[in-house]
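*Asks:* Please read through the structure below; I'll follow up with questions.
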Amino acid sequence: MAYLTDRKRAEGLGSAKSGTKHFWKMIGSSIALQVMIPLFVFTFGMGLGGTFEEVQAYFSKPLPVIIMAASLIVLISHFTAEAAEAVEDYMHGMAEKLTLLGLNALAYTLIAVGLFALARMAL
Amino acid sequence: MADVNRGNRPLSPHLMIYRPQWTSMSSIFVRITGIGLLLGSILVVWWLIAAATSESAFGFIDGLLRSWFGDLIMALATWALFYHMFGRLRHVIWDFGYMLDVDKSELFAKAMVLISFLLTAFVVIVL
Chain A
7 MAYLTDRKRA EGLGSAKSGT KHFWKMIGSS IALQVMIPLF VFTFGMGLGG TFEEVQAYFS
67 KPLPVIIMAA SLIVLISHFT AEAAEAVEDY MHGMAEKLTL LGLNALAYTL IAVGLFALAR
127 MAL
Chain B
130 MADVNRGNRP LSPHLMIYRP QWTSMSSIFV RITGIGLLLG SILVVWWLIA AATSESAFGF
190 IDGLLRSWFG DLIMALATWA LFYHMFGRLR HVIWDFGYML DVDKSELFAK AMVLISFLLT
250 AFVVIVL
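Protein chains in written order, with my numbering: chain A, 7 to 129; chain B, 130 to 256.
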C-alpha cells in the first residue's frame, strides 16, 4: 500500500529513521496479541500433555494449527522487535549491529521452523 | 559527536540510590519478561518441530517439558506471558493518552501482577 512517490518514500524519515513505523508496529502487534494470547494459551495448553500420536492428531485439525501458526508469527516478530529495542538501549557500536542481526536471524529461523513443523503435521 | 572519546569518567550513581517504585519495577519487568518469553518461544518451536519429526525427538522434549522442572518453566512462562500482555496493554493505553497520572499507573501495575497470578493459577489448574 505504498501510495507514495519515490521522493516521499526517501525523504521525511529524519533522524528517527524507521522509529515511527517501529512504534506503530509494536502498538498494532500488542493489540492483536491481547486477543491472540488467550487463544494461544488455550490451544497450546490443550496440545501439551498428549502422547506423540495425540499431538499429531490434534495438530492435523485446522483450527489449532491456524491459531498456533498465526500466534507464532505475531509473537515471535513482536518479541524480536522488543529485544531489538532493548539491544538498542544497552549496546552500541559494532556489538549492537551484530546482535541485532543475530536477533533477526533467530526470529526468522524460529518462524520458519515453527511453520514447517505445523505444516508437516497439518498436511 | 556522541561517539567522540570522552575518556573513562565515572557515571554518577543511579540504580544504586533511586528507590524502586511500582512504575519503574513494573516497567523493567515488562522488558525482562519480553526477553524471557523470546527464549520460551524457542522451547515452544522446539516442541513443535519435535512433534512433527519423530517419536524419539518428541520423547526428549516432552519429557523435559512435563518434568517438574518443565512444569515450573511453563508456569513461569505463563505468568510472564500474562504479565507482559497487561504491561503492553498499559503502554498502549498510555500511548493513546489515557491514565497518565502516577497513582492510576501504580494501581494498574499492582493489578497487573495480581491478575497475572490469578490467570496463571487458572491456566495451571485447568490445563
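Glycine is no exception: its CB is placed at the ideal position from the N, C-alpha and C atoms.
For the alpha helix (DSSP H) that contains Phe122 of chain A, what are its first and last residues?
*Replies:* Note, Phe122 of chain A: alpha helix (DSSP H), Gly99 to Ala128.
*Asks:* In chain order, what residues of the same chain lie with their CB nearer than 7 Å to the CB of Leu229 of chain B, ignoring the 5 residues before and after it?
*Replies:* So the list reads Trp223, once near-sequence residues are dropped.
*Asks:* Would His98 of chain A be called buried (16 or more neighbouring beta carbons within 10 Å of its own) or exposed?
*Replies:* Per the 10 Å Cβ criterion, exposed.
*Asks:* Taking all protein chains shown into account, decide if Ala143 of chain B is buried (16 or more other Cβ within 10 angstroms of its Cβ) or exposed.
*Replies:* Ala is not the amino acid found at residue 143 of chain B; the sequence shown has His there. Classification for His143 of chain B: exposed.
*Asks:* Nearest-angstrom Cα distance between Met154 of chain B and Gly216 of chain B?
*Replies:* Computed Cα separation, rounded: 11 Å.
*Asks:* Using a Cβ-Cβ cutoff of 9 Å, what residues of the region 74-90 of chain A are near chain B? List them in chain order.
*Replies:* Cβ contacts with chain B come from Met74, Leu78, Leu81, Ile82, His84, Phe85, Thr86, Glu88 and Ala89.
*Asks:* Let me make sure I understand the geometry here. Which of B:Phe158, B:Val174 and B:Gln150 has the alpha-carbon closest to that of Leu112 of chain A?
*Replies:* The residue with the shortest Cα to Cα distance from Leu112 of chain A is B:Val174.
*Asks:* So Ala181 of chain B contacts chain A; which residues on that side make the cut at Cβ distance below 7 Å?
*Replies:* Here the neighbours are Ala123, Arg126 and Met127.
*Asks:* Out of A:Ser77, A:Ser66, A:Gly25 and A:Ser35, point me to the one whose CA is closest to Phe48 of chain A's CA.
*Replies:* Of the candidates A:Ser77, A:Ser66, A:Gly25 and A:Ser35, the one whose C-alpha sits nearest the C-alpha of Phe48 of chain A is A:Ser77.
*Asks:* Out of B:Tyr147, B:Thr152, B:Asn137 and B:Leu140, point me to the one whose CA is closest to Met241 of chain B's CA.
*Replies:* Among B:Tyr147, B:Thr152, B:Asn137 and B:Leu140, the Cα nearest to that of Met241 of chain B is on B:Thr152.
*Asks:* Using a Cβ cut-off of 7 Å, pull out every chain A residue sitting near Ser170 of chain B, in sequence order please.
*Replies:* In chain order: Leu81, Ile82, Phe85 and Leu116.
*Asks:* Classify Glu88 of chain A: buried if its beta carbon has 16 or more other beta carbons within 10 angstroms, exposed otherwise.
*Replies:* Glu88 of chain A comes out buried.
*Asks:* Confirm, please, whether the CB-CB distance from Trp197 of chain B to Thr249 of chain B is below 9 Å.
*Replies:* Their beta carbons are not under 9 Å apart, which means Thr249 of chain B does not touch Trp197 of chain B by this criterion.
*Asks:* Could you work out which residues of chain B lie near Ile37 of chain A, taking near to mean beta carbons separated by less than 9 Å?
*Replies:* In chain order: Arg217, Leu218 and Val221.
*Asks:* Using a Cβ-Cβ cutoff of less than 7 Å, which residues in the same chain neighbour Leu205 of chain B once the five nearest sequence positions on both sides are dropped?
*Replies:* Once the five neighbours on either side are set aside, Leu205 of chain B has no close Cβ partner at all.
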